[in-house]
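Peer 1: In the working numbering, the protein residues as written are 0 to 105.
Each residue gets a CB set at the ideal place from its N, CA and C atoms; glycine is no exception.
Before anything else, here's the structure in question.
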């Protein structure tokens, strides 16, 4: 309990002094989700600051902290920095297969 209280005090102190550190738990969670999506070959829906993107993760560059995502039609690729991602969710398998079947016919 004392440790949690100290963390809260530290966050308030940093906020008042203008220090802003990225939350490591959020970054670790994104990294784990990205690695799981690559391993399972599952499509993801990314929400960025002003846009969103849905597709398959092609490559994850840990050194540069960025991913390359390709949409379902495989005609648009996008390089996205991990720090720009606000939310990352898996696309349900039913939606993924429906989208892939749709673009195979066209």
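1) Grab me the residues of residue 58's own chain with a C-beta within less than 8 Å of its C-beta, minus the 5 sequence neighbours each way, in chain order.
2) Can you name, in chain order, every residue of its own chain whose Cβ lies under 7 Å from the Cβ of residue 80, other than the five neighbours on each side?
3) Quick check: the stretch 73 to 90 against the stretch 30 to 45, are there 3 or more CB pairs under 8 Å?
4) Where does residue 47 fall in DSSP's three states?
5) When you compare only the Cα positions, how much space is there between residue 34 and residue 61?
6) Kindly indicate the opening and closing residues of the beta strand (DSSP E) around residue 86.
7) Let me check understanding here. Comparing Cα to Cα, which of 70, 51, 78 and 82 lies closest to residue 101?
8) Is residue 68 helix, strand or coil by DSSP?
Peer 2: Straight from the coordinates:
1) For this step, residue 58 is matched to residue 59 along the chain shown. Within the same chain, residue 58 has close Cβ partners 66 and 67.
2) In the chain shown, counting from the first residue as 1, residue 80 sits at position 81. Excluding five sequence positions before and after residue 80, the CB atoms of its chain that fall closer than 7 Å to its own CB belong to 64 and 65, given in chain order.
3) Touching, per the Cβ criterion.
4) The sequence position of residue 47 within the chain shown is 48, counting from 1. Reduced to three states, the DSSP call for residue 47 is coil.
5) Taking the first residue of the chain shown as 1, we reach residue 34 at position 35. Taking the first residue of the chain shown as 1, we reach residue 61 at position 62. Near 10 Å, if we compare the C-alpha coordinates of residue 61 and residue 34.
6) If you number the chain shown from 1, residue 86 lands on position 87. DSSP places residue 86 inside the beta strand (DSSP E), whose first and last residues are 86 to 89.
7) Sequence index remark: in the chain shown, residue 101 carries index 102 (1-based). Checking every option, the nearest Cα to that of residue 101 belongs to 70.
8) One-based indexing of the chain shown puts residue 68 at position 69. It is a strand residue.
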